[in-house]
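> Here you go, one structure.
Numbering (my numbering), first residue to last: 232 to 735.
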């Protein structure tokens with residue numbers, strides 16, 4: 232068997248474009264090729280489960296190998312495999328068409344139009360780093376003949392016979408001179424750790440030394456020896472794919488430390504799991520937020536079917552939820568579209584609404600079930616709740632019942648409790664409740680003392696967000712806020728008779 236041909240009748244050659252326009256993100260080639268190998272492995276698994284593949288499936292796994300001497304990288308799987316006809320259909324037509332569409336969407340676009348995670352280039356991402364690519368494959372189908380496809384980055388390809396004996400596919404990249412950084416073991420390990428840490432099929436990359444028990448020495452103390460083991464880089468069943476009933480607090484905390492090793496333990500977390508009207512799993516952690524509202528270095532990580540996509544989740548989750556940490560995984564978030572398109576996507580809107588509701592419900596539940604514990608955490612979660620109320624109407628509707636106000640005596644009230652507490656004593660001439668607050672206790676202590684002697688209560692609102700929160704509350708709760716040092720104590724709350732309207 233030997234055949235030559237052109238991949239596409241298109242006159243434009245997309246290969247130079249692929250190489251150039253994604254220059255800073257060439258590493259995604261490995262994510263795309265490993266993802267393809269995972270898909271092939273899962274397909275054979277499904278066919279066996281359906282009874283359509285009768286032979287032994289064996290132990291499924293993907294192997295990544297670097298040969299520095301030959302300057303090659305190979306991605307091997309023992310999945311479904313392909314026939315020569317399937318290579319022509321999937322590689323020469325479907326995959327090429329998808330890559331062409333991707334390039335057209337991406338090139339010459341601004342930041343807001345960029346494709347999220349640069350996802351969708353697929354098999355042809357191999358040519359970002361290669362001068363030649365080979366596919367050697369044997370289909371799972373009875374009587375199939377192994378085939379080899381070769382392309383050197385032009386539109387011509389060649390298909391010939393192969394000596395491959397076992398089911399599956401090997402993609403071999405002959406690395407171009409300007410991409411030889413990818414022949415370094417540490418570089419490939421880092422890319423696999425980034426994108427493939429939680430993929431559902433084991434990924435082997437070389438071997439590693441491990442210390443194992445080796446009997447006892449002459450003093451009856453345990454001995455150990457060093458053995459070589461396969462270096463499996465991924466956890467195929469991360470905890471967000473499991474039922475919350477099967478997990479303990481230690482599991483959630485261990486996973487958090489795995490994601491953010493330098494961080495303090497989170498306050499609490501939410502396990503997301505919904506399959507209708509969209510698919511979404513994940514775990515969102517409430518971190519201890521800093522008082523100065525600093526930009527968080529830890530971010531929510533977005534996955535699609537356990538493949539890491541990005542930690543830039545702007546337009547994927549509401550802005551205030553970006554203060555949380557953790558993982559969300561959804562195949563229903565479109566990945567081969569621009570960031571700006573995401574905002575209008577129906578599933579993204581539903582996911583936003585669902586996460587907002589789950590977060591609000593969790594906070595409401597904590598408040599009702601253990602108020603003392605909730606109050607103890609308020610200094611850490613207060614900024615988050617206030618931010619959510621200001622920026623998201625649906626969150627405000629629920630959070631108005633569990634947002635807390637702290638006074639100078641460190642007592643915490645809900646809004647309704649506080650309105651009742653200051654009723655009659657802090658009402659102005661227009662029958663409107665007046666909330667007094669301090670933005671700096673130290674500098675305003677004399678004003679606070681004067682107000683307290685007058686029988687007034689003073690709140691502490693001294694965080695970066697509080698000026699916005701005050702404006703929001705004045706609109707939503709029909710109260711007036713007044714800073715404690717805005718006037719002398721006698722004039723802080725004008726209790727004079729309301730003026731009669733000249734029209735009455």
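C-beta: ideal position from N, C-alpha, C; glycine also.
With a cut-off of 8 Å on the beta carbons, I'd call residue 659 and residue 724 a contact; round off their distance for me.
5 Å
> If you run the structure through DSSP and keep just helix, strand and coil, what is residue 397?
coil
> Considering only DSSP beta bridges, list what residue 189 is partnered with.
The first residue shown for the chain is 232 and the last is 735, placing residue 189 beyond what the model contains.
> Residues in its own chain within less than 6 Å of residue 426 by CB, not counting five upstream and five downstream?
262, 539
> If you follow the beta strand (DSSP E) that residue 693 is part of, which residue opens it and which one closes it?
Counting along the chain, residue 693 falls outside any beta strand (DSSP E), and DSSP gives it neither H nor E.
> Hey, out of 307, 477, 322, 475, whose CA is closest to residue 214's CA?
Because the chain spans 232 through 735 in this model, residue 214 falls outside it and cannot be assessed.
> What three-state label does DSSP hand residue 536 in the structure shown?
coil
> Report yes if the CB atom of residue 502 is closer than 8 Å to the CB atom of residue 620, and no otherwise.
no
> Which full runs of the alpha helix (DSSP H) of 4+ residues lie inside the stretch 628-696, going along the chain?
646-652, 676-684
> For residue 492, count the other beta carbons within 10 Å of its own beta carbon; 16 or more makes it buried, fewer makes it exposed. Which is it?
When all chains shown are included, residue 492 counts as exposed.
> If you check the beta carbons only, do residue 511 and residue 561 fall under 8 Å apart?
The criterion of a C-beta distance shorter than 8 Å is satisfied by residue 511 and residue 561.
> Tell me which residues share the same chain as residue 734 and place their Cβ nearer than 7 Å to its Cβ, disregarding the 5 neighbours each side in the sequence.
Only weak support is given to the placement of residue 734: the predicted model assigns it a pLDDT of 40, under 50, and the value that follows is read from those uncertain coordinates. Excluding positions up to five away in sequence, the list is empty.
> Quick one: which unbroken alpha helix (DSSP H) runs of 4-plus residues sit fully inside the stretch 422-493? Chain order, please.
480-490
> Out of 602, 585, 233, 361, which has the shortest C-alpha to C-alpha gap to residue 625?
585
> List the DSSP bridge partners of residue 557.
Note: residue 557 sits in a beta bridge opposite 515, 531.
> In three-state terms, what does DSSP make of residue 292?
coil
> Per DSSP, what kind of secondary structure is residue 348 in: helix, strand or coil?
Here the model assigns residue 348 a pLDDT of 48, short of 50, so the residue's position is not dependable, and the following value carries that caveat. In this structure, residue 348 counts as helix in the three-state DSSP scheme.
> Residues in its own chain within less than 7 Å of residue 720 by CB, not counting five upstream and five downstream?
681, 682, 685
> Excluding the five sequence neighbours on either side, which residues of its own chain have a C-beta within less than 7 Å of the C-beta of residue 176, listed in chain order?
Summary: the structure shown does not reach residue 176, with the chain confined to residues 232 through 735, and so no result is reported for it.
> Under 8 Å between the Cβ atoms of residue 434 and residue 464?
Cβ distance < 8 Å, so residue 434 and residue 464 count as in contact.
> Would residue 577 be called buried (16 or more neighbouring beta carbons within 10 Å of its own) or exposed?
Residue 577 counts as exposed, since fewer than 16 other beta carbons sit within 10 angstroms of its beta carbon.
> Under 8 Å, do residue 208 and residue 542 count as touching if we go by C-beta distance?
No statement about residue 208 is possible, as the shown extent of the chain runs from 232 to 735 and does not include it.
> Spell out the partners DSSP gives residue 272 in its beta bridges.
In DSSP, residue 272 forms no bridge with anything.
> Could you check whether residue 260 and residue 364 sit closer than 8 Å to each other, using their CB atoms as the reference points?
no
> Could you give the residue range of the alpha helix (DSSP H) that holds residue 614?
609-622
> Okay, do the stretch 273-283 and the stretch 301-319 touch, 3+ Cβ pairs below 8 Å being the bar?
With the cut-off at 8 Å, the stretch 273-283 and the stretch 301-319 touch.
> Only counting the same chain, and skipping five residues up and downstream in sequence, which positions put a Cβ closer than 7 Å to that of residue 629?
591, 595
> Cutting at 6 Å between CB atoms, please list the residues of its own chain near residue 513, excluding the five before and the five after it.
Same-chain partners within the cutoff: 471, 503, 558, 559, 560.
> Per DSSP, what kind of secondary structure is residue 606 in: helix, strand or coil?
helix
> On the three-state DSSP scale, how would you describe residue 260?
helix
> If you draw a straight line from the C-alpha of residue 668 to the C-alpha of residue 588, how long is it?
30 Å
> Can you tell me which of the three DSSP states residue 266 falls into?
helix
> May I ask you to report which of helix, strand or coil DSSP gives residue 356?
helix
> Could you tell me the boundaries of the alpha helix (DSSP H) in which residue 281 lies?
First-last for residue 281: undefined, no H or E at that position.
> Where does residue 712 sit, in a helix, a strand or coil, going by DSSP?
Residue 712 falls in the strand class under three-state DSSP.
> Taking buried to mean at least 16 other C-beta atoms within 10 Å of its own C-beta, is residue 546 buried or exposed?
buried
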